[in-house]
DNA sequence: TAACAAGCCGTTATATTATAACATTTTTAT
DNA sequence: ATAAAAATGTTATAATATAACGGCTTGTTA
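Residue numbers (my numbering), protein chains in the order written: chain A, 21 to 150; chain B, 21 to 150.
Structural data, given as structure tokens:
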């Protein structure tokens with residue numbers, strides 16, 4: 021069991037905001053939120069985000085340029101991510117389905133190539149919005 | 021069989037450039053290329069891109085903010101896209117695998133929710149780069 | 001055929017997202 | 001204690017994308 025990573029001050033501040041949020045957050049909205057904690061520049065936020073992504077503590081929703089906390093307990097899974105995204109309310113949920121992840125992790129294309137990483141984004145209407 | 025869509029002048033110009041390209045193109049690189057054809061402003065490019073995306077003639081590679089021509093003959097498939105992306109040379113290939121698309125199109129999450137659209141990006145090293 | 005709607009075009013300005021470059025400080029490992 | 005690695009702070013700027021405005025063309029349709 022790997023030692024829980026200790027986050028630096030800025031990383032911790034940024035992570036807490038993302039973790040508490042109800043939905044994906046954009047970098048400049050995070051910046052706005054953390055200004056009271058002494059983080060002033062975009063780069064400080066982006067650096068924290070980069071590190072948190074690398075650690076798997078957060079994920080980037082590419083279609084939205086926004087960030088969510090990883091909800092898989094002890095996530096090491098930067099390499100196999102799947103999300104459901106509501107096209108109306110923008111709610112994002114991380115999909116944690118072992119059949120799906122097994123299927124995709126084992127997927128080989130027509131040339132026999134196997135991949136080391138994937139990201140999948142599903143779109144539709146969530147329960148509430150339907 | 022739906023009538024082949026007729027593209028407007030700007031749409032045609034932008035599409036040809038993307039189609040001829042060897043890899044994904046970014047919007048401002050397209051802008052640079054089309055300036056000799058009289059397209060001067062980013063918005064002109066983005067409008068053409070939006071329309072081409074809507075028509076399924078091109079796809080956006082979200083992780084790169086770049087655009088590729090659809091290689092599935094008669095693509096209507098804006099709604100179910102999968103790509104392989106080489107992390108070294110940045111080569112992008114559209115994956116056309118009916119097993120995969122059937123699997124994903126039928127996928128339901130733990131709440132029983134079915135999705136109307138997905139986009140999947142695989143990452144790894146292509147043949148050449150391995 | 002007038003007139004209306006829909007789509008496309010061109011332009012300027014500006015919003016949003018992200019990184020470069022540089023100097024310094026803190027933490028970690030030896 | 002010291003060297004290497006990681007994190008910080010700051011200013012400036014690059015890269016990506018949209019808002020707002022007005023006009024032109026084309027194809028209904030009344």
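Quick reminder that beta carbons are idealized off the backbone N, C-alpha and C, glycines included.
- Taking every protein chain shown into account, the CB of residue 77 of chain A has 16 or more other CB atoms within 10 angstroms, so this residue is buried.
- For the region 117-142 of chain A, the residues whose beta carbon sits under 8 Å from a beta carbon of chain B are, in order, 117, 120, 123, 124, 127, 129, 130, 131, 133, 134, 135, 136, 137, 138, 139, 140, 141 and 142.
- At least one CB of chain B lies nearer than 9 Å to the CB of residue 147 of chain A.
- Measuring C-alpha to C-alpha distances from residue 54 of chain A to each of A/72, A/117 and A/35 identifies A/35 as the nearest.
- For the 9 Å CB-CB criterion, residue 102 of chain A and residue 43 of chain A do not form a contact.
- Per DSSP, reduced to three states, the secondary structure at residue 139 of chain B is strand.
- For residue 58 of chain A, not one C-beta of chain B is nearer than 9 Å to its own C-beta.
- By the Cβ-count criterion, residue 121 of chain A is buried, with 16 or more other Cβ atoms from all chains shown falling within 10 Å of its own Cβ.
- For residue 131 of chain A against residue 147 of chain B, the beta-carbon gap comes to about 7 Å, under 8 Å, which counts as contact.
- For residue 59 of chain B, no alpha helix (DSSP H) segment is defined, and its DSSP state is neither H nor E.
- Among the residues of chain B, those whose CB is under 8 Å from the CB of residue 144 of chain A are 133, 134, 135, 136 and 137, following chain order.
- Under the DSSP assignment, residue 37 of chain A falls in the alpha helix (DSSP H) whose first and last residues are 29-40.
- Of all residues in the region 84-116 of chain A, those with a C-beta nearer than 7 Å to a C-beta of chain B are 104 and 115, reading in chain order.
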